[in-house]
Every structure is written in structure tokens, then in C-alpha cells.
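Everything on this sheet refers to the single structure shown next.
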Amino acid sequence: MALRTAVLRHLRVPVTGSNQSQIGFLGSIRAFSSHDDHLSKQEVVDRVLDVVKCFPKVDPAKVTPDVHFQKDLGLDSLDTVEIVMAIEEEFKLEIPDKEAEKVDSCPLAIEYVFNHPMSS
Amino acid sequence: MAAPFTLRKIGVPPNSANLTEARRRVFDFFRAACRSLPTVMDIYNLQDVVAPSQLRFAISAQIRNNAHVTDPKALPLISVSLVIDLLLFKGMEELTDIVDHAKQRHHIIGQYVVGEGLVQNTGSKDQGKSDFLKNFYTSNYV
Numbered sequence: 001m002a003l004r005t006a007v008l009r010h011l012r013v014p015v016t017g018s019n020q021s022q023i024g025f026l027g028s029i030r031a032f033s034s035h036d037d038h039l040s041k042q043e044v045v046d047r048v049l050d051v052v053k054c055f056p057k058v059d060p061a062k063v064t065p066d067v068h069f070q071k072d073l074g075l076d077s078l079d080t081v082e083i084v085m086a087i088e089e090e091f092k093l094e095i096p097d098k099e100a101e102k103v104d105s106c107p108l109a110i111e112y113v114f115n116h117p118m119s120s
Numbered sequence: 001m002a003a004p005f006t007l008r009k010i011g012v013p014p015n016s017a018n019l020t021e022a023r024r025r026v027f028d029f030f031r032a033a034c035r036s037l038p039t040v041m042d043i044y045n046l047q048d049v050v051a052p053s054q055l056r057f058a059i060s061a062q063i064r065n066n067a068h069v070t071d072p073k074a075l076p077l078i079s080v081s082l083v084i085d086l087l088l089f090k091g092m093e094e095l096t097d098i099v100d101h102a103k104q105r106h107h108i109i110g111q112y113v114v115g116e117g118l119v120q121n122t123g124s125k126d127q128g129k130s131d132f133l134k135n136f137y138t139s140n141y142v
């Protein structure tokens, strides 16, 4: 015991790792910033998948984050437009027509929503 | 009634040149209809009756009813894009009427909710009665 205290008096022991990571996590939340309410990628993925699964023509078991609406889920172009509109409603966005035509599959939809500054 | 219609220039002629443009117009019309859904639900107080996603499904089902109009050989005298334009015009007219509150709640519920089978119209008065009466109510003939 005495040896330990004697050694510690002469050494500098760094702070243990778990404490540090916790402070690092808390440090990323800025209380008064208006730019921090951006959605996390996982939340976007979950909500987009929920929207696709709730579509009546879709088999929920087949829905994965990298599924293509027409090729994998067997939907047609009108269904694709409908899913894009459902995503617009869910995230309170308004996607212009040219961009909406390009959103053809789950990963593209997730990427578009994640990169959009107004999604909520 | 010209003024409210001119506010919506989306489905107005000149006629589409080819099938791709007509197709693009169909999708534009569908998007306009979906974007006006919150207004419609607010006007006709449909919040408890049906969800917006179900109404979207009803709209797409109506569009799909006419999806067979794509074969040029079936309509030799008229071009297919003209037919599609006409159907779009009628759809646009219907949408304008609904958004202008020219229709009433029972129209919307009858045509788009019960008509598409979204909400089953369970007649609570008829439950528990005999089968004979049920068949009698549906038709005169067995």
C-alpha cells in the first residue's frame, strides 16, 4: 500500500479510457447550436425502412437497406413515385421532380434524406 | 370557375408530344395530388377516417385503372398520348374540384375510401340477422 502511494506520487497515471470516451460523446452535443438537430444515419435508415415496409404492396421480409424498388421488390414506376411521396411526408421534405426521378432504390433514398438539410 | 382552374397549370395542354412526356405528366399529376392531400384531409375532416397513405394508395389505384392505355395498336385513329392527356385533364378537374371544396365529405368517402375498399362499411344494423335477409338486401335474385 505504501509502495503504491510512493510510486503514484512520482508517476502521472493517465485518465482511464471509459471516462474519456464518455466525455467525448458528451462533447459532441452543443446545447445552443441550431445545426445539431440533424438526423443520425441510423435513424434515417430505420424510418425509411419503416415507410417502405408499411407500403401495402411490399413484403416486409424482403426490405433491406440496399433494396431496389423495381428490381427487388417488384414494384412499378408509379409505386416508386408513391414511396418517394411517402418519404417526403415522413421527413417533411419537398423533393423536386428531377431529384425524385433519380431516387430509385433504398440506398439512394436514404442518402438523399440524410444529405438534405431540412429533413426532420 | 375559370379562376381556380388557372391556378393549377400542371395538367393544361399543349398536348404531349410522345409517350415519355405523357408519362412524365402522369407522375407530375400524381405528385400534385399527393401534395394536396393534407389540405384535403383538413377540409373534409378525414383525420379519423383514413390515413394519408391510404388515400395515396387510392389515388394510385385510380391511375392504375387506366394503365392499360399504352398500346398504340389498340387505338389506330387517335394517338395514345392524346388519350392519356384527356384522362389527365379529367383527373386534374377532379382534383381541382376536391381541393376547392366543391365536393362534399360523403363524395370523398364513398368514392375513395369505401370505393377502394380501404375501410369496410360494416352495417351495424345488419349484424346478427339472418342470411336470408342479407341476401335479400344485396339483390333480388339468389
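Protein chains in written order, with full-length UniProt numbering: chain A, 1 to 120; chain B, 1 to 142.
C-beta atoms are modelled at their ideal positions from N, C-alpha and C, and glycine is treated no differently.
Proximity of residue i and residue j at Cβ, strictly below 8 Å
| i | j | result |
| --- | --- | --- |
| residue 63 of chain A | residue 52 of chain A | yes |
| residue 83 of chain A | residue 113 of chain A | no |
| residue 50 of chain A | residue 80 of chain A | no |
| residue 36 of chain B | residue 54 of chain A | no |
| residue 81 of chain B | residue 19 of chain B | yes |
| residue 58 of chain B | residue 137 of chain B | no |
| residue 110 of chain A | residue 60 of chain A | no |
| residue 85 of chain A | residue 56 of chain B | yes |
| residue 49 of chain B | residue 109 of chain B | yes |
| residue 85 of chain B | residue 17 of chain B | no |
Any non-hydrogen atom of the ligand FMN within 7 Å of residue i CB
| i | result |
| --- | --- |
| residue 79 of chain A | Among the components modelled here there is no ligand, and therefore nothing to report on the ligand FMN. |
Close-in-space but distant-in-sequence residues of the same chain around residue i (CB under 7 Å, 5 per side omitted)
| i | result |
| --- | --- |
| residue 22 of chain A | Residue placement at residue 22 of chain A is flagged as unreliable, the pLDDT there being 48, under the threshold of 50; the coordinate-derived value follows with that caveat. Hits under 7 Å: none found. |
| residue 67 of chain B | none |
| residue 88 of chain B | 11, 25, 26, 29 |
| residue 41 of chain A | 114 |
| residue 57 of chain A | 75, 79 |
| residue 94 of chain A | 88 |
| residue 116 of chain A | 93 |
| residue 73 of chain A | 58, 62, 67 |
| residue 15 of chain B | 81, 82, 85 |
| residue 5 of chain A | none |
| residue 43 of chain B | 101 |
Residues near residue i by beta carbon distance below 6 Å, same chain, minus five either side
| i | result |
| --- | --- |
| residue 159 of chain B | The first residue shown for chain B is 1 and the last is 142, placing residue 159 of chain B beyond what the model contains. |
| residue 103 of chain B | 97 |
| residue 98 of chain A | none |
| residue 10 of chain A | none |
| residue 20 of chain A | Residue placement at residue 20 of chain A is flagged as unreliable, the pLDDT there being 46, under the threshold of 50; the coordinate-derived value follows with that caveat. Result list for residue 20 of chain A: empty, nothing under 6 Å. |
| residue 7 of chain A | none |
Same chain only: Cβ atoms within 8 Å of residue i, ignoring 5 sequence neighbours per side
| i | result |
| --- | --- |
| residue 45 of chain B | 105 |
| residue 120 of chain A | 37, 39, 91, 92 |
| residue 140 of chain B | none |
| residue 38 of chain B | 52 |
| residue 106 of chain A | 48, 49, 52, 63, 64, 65, 66, 67, 68, 69 |
| residue 1 of chain B | Model confidence at residue 1 of chain B stands at a pLDDT of 43, short of 50, so the residue's coordinates are unreliable; what they give is reported in the following sentence. Nothing meets the Cβ criterion. |
| residue 108 of chain A | 102 |
Endpoints, the alpha helix (DSSP H) within which residue i is located
| i | result |
| --- | --- |
| residue 33 of chain B | 19–35 |
| residue 58 of chain B | 52–65 |
| residue 102 of chain B | That residue, residue 102 of chain B, is in no alpha helix (DSSP H); it is neither H nor E in DSSP. |
| residue 10 of chain A | 2–10 |
| residue 131 of chain B | 131–138 |
- Message: Suppose only complete runs of 4+ residues qualify. What are the alpha helix (DSSP H) ranges in the UniProt domain "Carrier" (42–117) of chain A, listed by chain order?
- Response: 77–91, 97–102, 106–115, all fully within the UniProt domain "Carrier" (42–117) of chain A.
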